[in-house]
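Peer 1: Residue 9 is where the sequence shown starts when you use the working numbering, and the numbers rise one by one after that. Supplied in structure tokens, the structure appears directly below.
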Amino acid sequence: MLVHNEFKNHEDISVLDAQNHIHPWHSMGVDDPNYMVARRANGIFIYDDAGNKFIDGPGGMWSTQIGYGRQEMADAISKQVLNLPFNNPWSSTSKPSALLAAKLSAEAPGDLNNVFFTTGGSTAVDTAIRFAWFYNNVMGRPEKKAIIARHKGYHGSTFLSSSVSGKERDKSFMDLGNGWVHFLSNVNSFLRPDGMDVATWCDQRIEEFELMVLDVGPDRVAIFIAEPVLASGGVIIPPEGYHARCLEICKKYDIIYISDEVVTGFGRLGEFFASKSVFGIEPDIITVAKGITSGYVPLGGVLISDRLMNDIRSEDNKNIMFSNGFTYSAHPVSCAAALKNIEIMEREDLFAHVKEISPYFQKRLQDLRRSKIVGDVRGIGLLGCIEGIVSSEINEQKQLRIDREFGMRIDEKCENKGLIVRPLINMCVLSPPLIIQRDEIDQMFDILESSLDEVAAEML
Ligand SMILES: Cc1ncc(COP(=O)(O)O)c(C=O)c1O
């Protein structure tokens, strides 16, 4: 066993990592995957320990909006570290956190003018749910607690946020809250029966939602939580009008609509927030993270409407506290990084760039349908997903093994050619840095095309 002070060369990093480091979604097999040792990154590229260069297809984890290696970010972060590396958010505030809260409120749809900062997306979702429950308690209706979430949704990895996530395969062997979360079926219109049009499919999904509310009981349903685009579930874009109709149901039955914009915010779809600008809704709460700092440092946030806040703010309630918070809430370094990140995106007009370049990205994505091993491709803005189709085994375990095999092979082949794709079982999701240029999009899809051809030859 290697110990940390015996570290001599960079090969030892992999050894130490395999010995001592548990990664997210860590496999319990004895043959640990050999994780790439990322050494440095610049623009849309990551370099490994051996000096190999890769296009970062997933853009970190749907997060690296402005690309890597920005001197201005390093300067803003180091300046804040030297000036004020921490302040106690219980008893003080800082200029970056106050400025950032004001900026987010100004950009948010409707009256979402109240910002609570968290440490990432999961803690943002946790906080949003805890706030909605707290709200109903203060409003004198403690029985209104049920949550309606969606199959294939992903909202995080804390107990609460994982309990409202609807990716079945992530739930095995894990304990989750149950009884108070109800899942709507997959909204992906690709799954509709032969001969059914998308509008009818959408009607059915809406009807299912309303029936679920009525079944659970409108006075028991507190929350509807939805990503505008189900990202980790495989970039599932709900049918036209779906979100607006869900919001109508929420309004009808006094249900708090949480729009989880952890992926769709900060320009991924060419807008600051997608809820209103892309999908036409003003939700009650929006959660954010990832692209808010382009992943340079951790930060998340919850934007809450004036309506909700004003309902429970009163002289009579002055002794009631929303007892939720983290040592690193509103961390001044993270907030300074977010302000600089937003400044860069605005100065470089990155959202306009996304609007201009994404039709080409989507065209190259759609062209992948030509591959025999591709079942479906989906995308919007600079988000894309390729879903492999190798067989449709009845046996769930066998199907899972074949699906994983597809993902692993694509991953390996793309990586050998200089592209990171991060497979999700039988899907590859793409969300490159927003700064990506047309020739780089071509490089990405050329690699994908040839890798898909090779995997098709091997597996079909
Ligand atoms: C929509 C959505 N919500 C929440 C999360 C959780 O964010 P984090 O990993 O920062 O906790 C994610 C992460 O991928 C996400 O995609």
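We treat Cβ as the ideally placed atom computed from N, Cα and C, and that holds for glycine. Small disclaimer: the values here were computed from a predicted structure and weren't measured.
1. Count the other C-beta atoms from every protein chain shown that fall within 10 angstroms of the C-beta of Thr-335, then say buried if there are 16 or more, exposed otherwise.
2. Could you check where the beta strand (DSSP E) with Ile-320 kicks off and where it finishes?
3. So Gly-309 and Phe-94 are supposed to be a Cβ contact under 8 Å. How far apart are they, rounded?
4. Can you tell me the Cβ-Cβ gap for Met-452 and Glu-395, rounded? I've got them flagged as a contact below 8 Å.
5. When DSSP labels each residue in this structure, what does Leu-3 get in the three-state scheme?
6. Can you check whether the CB of Ile-410 is closer than 8 Å to the CB of Leu-460?
7. For a test of your reading of the model: does the CB of Trp-33 fall under 7 Å from any non-hydrogen atom of ligand 1? Yes or no.
8. Can we count Lys-103 as close to ligand 1, meaning its CB is less than 7 Å from some heavy atom?
9. Distance check for Leu-24 and Val-11, CA to CA, integer angstroms please.
10. Which runs of the alpha helix (DSSP H) at least 4 residues long sit entirely within the segment 375-458? Give them in chain order.
11. So what's Asp-292 in DSSP terms, helix, strand or just coil?
12. Check for me: the alpha helix (DSSP H) holding Arg-276 runs from which residue to which?
13. Using a threshold of 8 Å, state whether the C-beta atoms of Val-237 and Ile-388 are closer than that.
14. Any heavy atom of ligand 1 closer than 7 Å to the beta-carbon of Tyr-162?
15. Along the chain, where does the alpha helix (DSSP H) that runs through Lys-298 open and close?
16. Using CA atoms only, rank isn't needed, just tell me which of Lys-111, Ala-110 and Gly-164 is closest to Ala-136.
17. Leaving out the 5 sequence neighbours to the left and right, which residues in its chain are closer than 6 Å to Tyr-513 when beta-carbon positions are compared?
18. Check the Cβ-Cβ distances between Ser-180 and every residue of chain D, and say whether any is below 8 Å.
19. Tell me which residues share the same chain as Glu-401 and place their Cβ nearer than 8 Å to its Cβ, disregarding the 5 neighbours each side in the sequence.
20. Give the single residue among Asp-202, Glu-218 and Asn-325 whose Cα lies nearest to the Cα of Ser-193.
21. I need the DSSP call for Ala-344, collapsed to helix, strand or coil.
22. Contact between the segment 263-276 and the segment 295-314 is defined here as three or more beta-carbon pairs at a separation below 8 Å; is this criterion met?
Peer 2: This is what the structure holds:
1. exposed
2. Unbroken run through Ile-320 is the alpha helix (DSSP H), 314-320; no beta strand (DSSP E).
3. 18 Å between Cβ atoms; not a contact.
4. That pair is no contact at about 17 Å.
5. The chain is shown from 9 up to 468; residue 3 falls before or after that span and cannot be answered.
6. no
7. no
8. no
9. 7 Å
10. 404-424
11. coil
12. It is not in any alpha helix (DSSP H) - Arg-276 carries neither H nor E in the DSSP assignment.
13. yes
14. yes
15. It is not in any alpha helix (DSSP H) - Lys-298 carries neither H nor E in the DSSP assignment.
16. Gly-164
17. In this structure the chain extends from 9 to 468, so residue 513 is not present and cannot be described.
18. Considering every chain present, this structure includes no chain D. It has just one protein chain.
19. Gln-407 and Ile-410
20. Glu-218
21. helix
22. yes
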